[in-house]
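Structure first, then comments.
There are 2 protein chains.
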Amino acid sequence: MKNSIKVQRAIFDMTQADLAKAIGVSRQTINAMEKNKYVPSTVLSLKIAKLFKKPVEDIFFLEEDD
Amino acid sequence: MKNSIKVQRAIFDMTQADLAKAIGVSRQTINAMEKNKYVPSTVLSLKIAKLFKKPVEDIFFLEEDD
DNA sequence: TCTATATGTAAAGTTTCTTTTACTTTTGAT
DNA sequence: ATCAAAAGTAAAAGAAACTTTACATATAGA
Numbered sequence: 001m002k003n004s005i006k007v008q009r010a011i012f013d014m015t016q017a018d019l020a021k022a023i024g025v026s027r028q029t030i031n032a033m034e035k036n037k038y039v040p041s042t043v044l045s046l047k048i049a050k051l052f053k054k055p056v057e058d059i060f061f062l063e064e065d066d
Numbered sequence: 001m002k003n004s005i006k007v008q009r010a011i012f013d014m015t016q017a018d019l020a021k022a023i024g025v026s027r028q029t030i031n032a033m034e035k036n037k038y039v040p041s042t043v044l045s046l047k048i049a050k051l052f053k054k055p056v057e058d059i060f061f062l063e064e065d066d
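Keeping their order, the protein sequence lines are chains A and B.
Take 1 as the starting number for the first sequence in UniProt numbering and just add one per residue.
Take 1 as the starting number for the second sequence in UniProt numbering and just add one per residue.
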C-alpha cells in the first residue's frame, strides 16, 4: 500500500509533528507511514482522510502485492 | 469504530467464509471485525470497500472514542 | 556560519491484529 | 425434528502496529 500523506501535508502546510498531534499519534508513526514502513489502522486512515477532507481512497492506494 | 460489513455481505449474498476467502483473511477475522473485536488494517478496509464497490467511509465509521 | 526547525532512522518494548485449531450455538431447509 | 451450513466464541501463538527515547541529518533563515 502507498499513500500521499506527504503531499496532503504540503497542501495544508503541516509538519509531521503537526499531523501527529492532530490525529493523536507519535511523529515517528507519521514518518514511518510516509516512508511506507507499515500499514496504518483503519481508524488512522479515516482520521487522516477526514482531516484532509478527502476520501480514504484518495490518500491510500492498494498495490499489486496487497 | 463501527462498520456495516454484515449489511454489505447481505447485499452481495456472501457468507463470512466467502468474504474471508475473497479478501484473503481467515473467517474468524471477518467475524471479529463484524463483532467489533478489533480495528482492521487499512489494506483490509480498502479491499473490503473495493469488493463492495463503496468508499471506505460508507462501510467504516469513526466513533467518539476513536 | 550558526541556530532552530523539520525530517530520517533505529532499538526496545507494549499493544493490537490476525491466524490456527477447535468447539458451541444458531438458522434454515427438508 | 433432524441435518447441514453459517455464525459465534475462545485460547495460544505469531506478526505487525505504535510508542518512547534518543540521536543523526537536512534545510532554511539570520
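Glycine included, each C-beta is placed from N, C-alpha and C at the ideal position.
Given the structure is predicted, the values throughout are model-derived calculations rather than measurements.
Any C-beta of chain A sitting closer than 8 Å to the C-beta of residue 25(B)? no
Which whole runs of the alpha helix (DSSP H) in the UniProt domain "HTH cro/C1-type" (5 to 59) of chain B are 4 residues long or more, in chain order? 5 to 11, 16 to 23, 27 to 34 and 42 to 51
Pick from 65(A), 23(A), 31(A) and 64(A): whose alpha carbon is nearest that of residue 4(A)? 31(A)
Enumerate in chain order the residues of its own chain whose CB-to-CB distance from residue 63(A) is below 7 Å, with the five nearest sequence positions on each side excluded. 1 and 2
So, does the CB of residue 46(B) fall closer than 8 Å to a CB anywhere in chain A? yes
Which term fits residue 15(A), buried or exposed, when burial requires 16 or more other beta carbons within 10 angstroms of its beta carbon? exposed
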